[in-house]
Amino acid sequence: MTFINYASREINCKIVYYGPGLCGKTTNLQYIYDSTAPQAKGKLISLATETDRTLFFDFMPLELGTVRGFKTRFHLYTVPGQVYYDASRKLILKGVDGVVFVADSQEERMDANIESLYNLEENLQTQGYQLNNIPYVLQLNKRDLPNVIPTDDLVGELQRKGEPVFEAVAMDGTGVFDTLKAVAKQVLTELRKG
Amino acid sequence: MAETPFIIQERQFQRIKSILARLCVECAARVVFLVDRDGQPIAFHGDIGDMDTTSFSSLAAGNVAATTSMAKLIGEDEFPAVVHEGERESIYIGVIGRSLLVVVFDERSTVGLVKIRSKRASFEIAAAIQEVLTESAAFRTNNAAFFAEITDDDIDSLFAQ
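Chains as they are written, first to last, in the numbering used here: chain A, 1 to 194; chain B, 195 to 355.
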């Protein structure tokens, strides 16, 4: 749910990065955090295990500038990808304005991508949303690795509604901001439509 | 979009701020926050120092989300309040419908005092939030032109900076 405060002239939106374990959701956020000017961002909060796997969520607020005199802030969240953290994923989807699905392009992770995508659709429904009705972007990550599935095959398998698709290498930032921009644009366009 | 945006108007914001300001004094708190259950900060009053209030709000909501799920696992609907007591600073979080009242206090106050005063304030806060929710949809409709005026260039310019 978008928050609009007329007193402080702020628009706040929530974007969630979803996907299977180790697909690069946190790496996306980390890259955005590292590449953003200090005045435009808050802290990057990571509720992770000792081995740096996301336990509950990662969070960072990102201020992009002003639209019609309103400061526009995006709250970026990731979910834990591992199958058994489903309760956490459901909680984080509450109040979501836009979703990025980060797919792992490696051949051996295809089943995990499909499972996670079904899980996303199911958990969105639990929260009263439909994937078809919310701003949504598909990111094909890890395109630099040798054992990746061709893009067309991944798109054929994972694209749900003609959503924008971006190839990415989150480690070096390739495609990271394009993905964010695409989902943020959809969120603001929805706001315009009403 | 699945939901109507939560639109808080100037007068509603000031009303909530004044409730928080009074509560802050009444329970000798360092700072009082009102946060949405989805993690969005609504308003605060008090000494925030260099605290990152956006992250704080997100974590408070995450905290309540986790304890509410724990409550359900043991057959409770939710825990209406959560308290974290530190050596110097403590945090009280009270659930008020879809909002969370978060009070940060130190040794100048007590959990008992914070609980009693917060409970009283929670009725006023619930009414204020209800008004925001009720009026959000109407305000959105009446101000549709403002949102419609957002152009593609406006959106693109956000990413040019």
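Built from N, CA and C at the ideal position, the CB exists for glycine as well.
Does the beta carbon of residue i come closer than 8 Å to any beta carbon on chain A?
i, result
"B/Ala322", "no"
"B/Ser212", "no"
"B/Leu352", "yes"
"B/Pro274", "no"
"B/Ala342", "yes"
"B/Ala196", "Note that B/Ala196 scores 49 on pLDDT, short of 50, meaning its location in the model is unreliable and no value can be drawn from it."
"B/Ala331", "no"
"B/Ala259", "yes"
"B/Ser293", "no"
"B/Asp348", "yes"
"B/Glu204", "yes"
"B/Phe200", "yes"
"B/Phe227", "no"
"B/Phe317", "no"
"B/Ser284", "no"
Whose CA, out of the options, lies closest to the CA of residue i?
i, options, result
"B/Asp230", "B/Ala354, B/Ala338, B/Thr345 and B/Val326", "B/Val326"
"B/Ile363", "B/Val219, B/Val297 and B/Ser293", "Outside the shown range of chain B, which is 195 to 355, sits residue 363 of chain B, and nothing can be said about it."
"B/Ser252", "B/Glu329, B/Ile201 and B/Asp232", "B/Asp232"
"B/Asp348", "A/Val100, A/Val67, A/Asp86 and A/Arg9", "A/Val67"
"B/Ala275", "B/Ser284, B/Gly269, B/Val289 and B/Met264", "B/Val289"
"A/Pro135", "A/Asp58, A/Ala184, A/Met110 and A/Gly156", "A/Ala184"
"A/Thr36", "A/Gly173, A/Ala182 and A/Ser105", "A/Gly173"
"A/Arg53", "A/Cys13, A/Gln130, A/Thr27 and A/Val16", "A/Thr27"
"A/Ala182", "A/Lys142, A/Gly98, A/Asn123 and A/Leu120", "A/Gly98"
"A/Phe101", "A/Asn5, A/Tyr85 and A/Leu131", "A/Leu131"
"A/Asp58", "A/Asp153, A/Leu47 and A/Glu163", "A/Leu47"
"B/Asp346", "A/Glu157, A/Val187, A/Asn147 and A/Thr179", "A/Val187"
"B/Lys313", "B/Glu220, B/Pro199 and B/Arg209", "B/Glu220"
"A/Lys14", "A/Ile114, A/Phe70, A/Thr151 and A/Tyr77", "A/Tyr77"
"B/Gly256", "A/Lys43, A/Ser88 and A/Met1", "A/Ser88"
"B/Gln234", "A/Tyr84, A/Tyr18 and A/Val96", "A/Val96"
"A/Gly162", "A/Ile45, A/Val79, A/Asp86 and A/Asn133", "A/Asn133"
"A/Pro150", "A/Phe177, A/Leu120, A/Thr179 and A/Asp104", "A/Asp104"
"A/Asp153", "A/Met110, A/Gly19, A/Thr189 and A/Ile32", "A/Met110"
"A/Gly31", "A/Arg192, A/Leu180 and A/Lys193", "The amino acid occupying residue 31 of chain A in the given sequence is Tyr; Gly does not appear at that position. Among A/Arg192, A/Leu180 and A/Lys193, the Cα nearest to that of A/Tyr31 is on A/Leu180."
"B/Val226", "B/Phe341, B/Ala315, B/Ala322 and B/Thr335", "B/Ala315"
Within the same chain, show all residues whose beta-carbon is closer than 7 Å to that of residue i, passing over the 5 residues directly before and after it, in chain order.
i, result
"B/Phe353", "none"
"A/Lys94", "Gln127"
"A/Val165", "Leu138, Leu140, Val155 and Gln159"
"A/Arg9", "Gly69, Phe70 and Lys71"
"B/Arg248", "Just to set this straight, residue 248 of chain B is Thr in the shown sequence, not Arg. Around B/Thr248: Pro235."
"A/Glu167", "Leu140, Arg143, Thr151 and Gly175"
"A/Asp178", "Phe166"
Please report whether the beta-carbon of residue i lies at a distance below 8 Å from any beta-carbon of chain B.
i, result
"A/Pro61", "yes"
"A/Ile45", "yes"
"A/Arg53", "no"
"A/Lys195", "The requested residue 195 of chain A is not part of the displayed model; chain A covers only 1 to 194."
"A/Val226", "Outside the displayed range of chain A (1 to 194) lies residue 226 of chain A, so it cannot be described from this structure."
"A/Ala87", "yes"
"A/Phe166", "no"
"A/Arg143", "no"
"A/Phe101", "no"
"A/Gly42", "yes"
"A/Leu131", "no"
"A/Phe25", "Note that residue 25 of chain A is Lys in the sequence shown, not Phe. Cβ-Cβ to chain B under 8 Å: no for A/Lys25."
"A/Gly173", "no"
"A/Leu64", "yes"
"A/Gly95", "yes"
"A/Lys71", "no"
"A/Thr179", "no"
"A/Thr49", "no"
"A/Tyr188", "According to the sequence displayed, residue 188 of chain A carries Leu and not Tyr. True, the Cβ-Cβ gap to chain B drops below 8 Å."
With residue i as the anchor, note down where its alpha helix (DSSP H) starts and where it stops.
i, result
"B/Leu217", "Glu204 to Glu220"
"A/Tyr6", "No alpha helix (DSSP H) holds A/Tyr6; DSSP gives it neither H nor E."
"A/Ala170", "Premise fails: A/Ala170 is in no alpha helix (DSSP H) and is neither H nor E."
"A/Leu131", "From DSSP, A/Leu131 is part of no alpha helix (DSSP H); its letter is neither H nor E."
Specify, as a first and last residue, the run of the beta strand (DSSP E) that residue i falls within.
i, result
"B/Cys286", "Just to set this straight, residue 286 of chain B is Tyr in the shown sequence, not Cys. Unbroken beta strand (DSSP E) run through B/Tyr286: Ser284 to Ile290."
"B/Ala275", "Ala275 to Glu279"
"A/Arg73", "Phe70 to Thr78"
"A/Leu64", "Thr54 to Val67"
"A/Gln139", "Tyr136 to Asn141"
"B/Leu373", "Because chain B in this structure spans residues 195 to 355, residue 373 of chain B falls outside the shown range and cannot be described."
"B/Gly256", "Run containing B/Gly256: none in the beta strand (DSSP E); it sits in the alpha helix (DSSP H), Thr247 to Leu267."
"A/Ile45", "Ile45 to Ala48"
"A/Glu167", "Val165 to Glu167"
"A/Asp104", "Gly98 to Asp104"
"B/Gly240", "Pro235 to Gly240"
Leaving out five residues before and five after residue i in sequence, what residues of the same chain have Cβ atoms less than 6 Å from its Cβ?
i, result
"B/Arg282", "Asp300"
"A/Gln199", "The structure shown has nothing for residue 199 of chain A, since chain A only spans 1 to 194."
Excluding five sequence neighbours on each side, which residues of the same chain lie with their C-beta closer than 8 Å to the C-beta of residue i?
i, result
"B/Ala331", "Thr198"
Inset, instruction - Below 7 Å between beta carbons is the criterion; list the residues of the stretch 5-21 of chain A that meet it against any residue of chain B, in chain order. - result: Asn5, Tyr6, Ala7, Asn12 and Lys14
Inset, instruction - Can you give me, in chain order, the residues of the stretch 242-257 of chain B that have a beta carbon less than 8 Å from any beta carbon in chain A? - result: Asp246, Thr248, Ser249, Ser252, Leu253 and Gly256
Inset, instruction - Select from the stretch 229-243 of chain B all residues with a C-beta closer than 9 Å to any C-beta belonging to chain A, and list them in chain order. - result: Asp230, Arg231, Asp232, Gly233, Gln234, Pro235, Ile236 and Ala237
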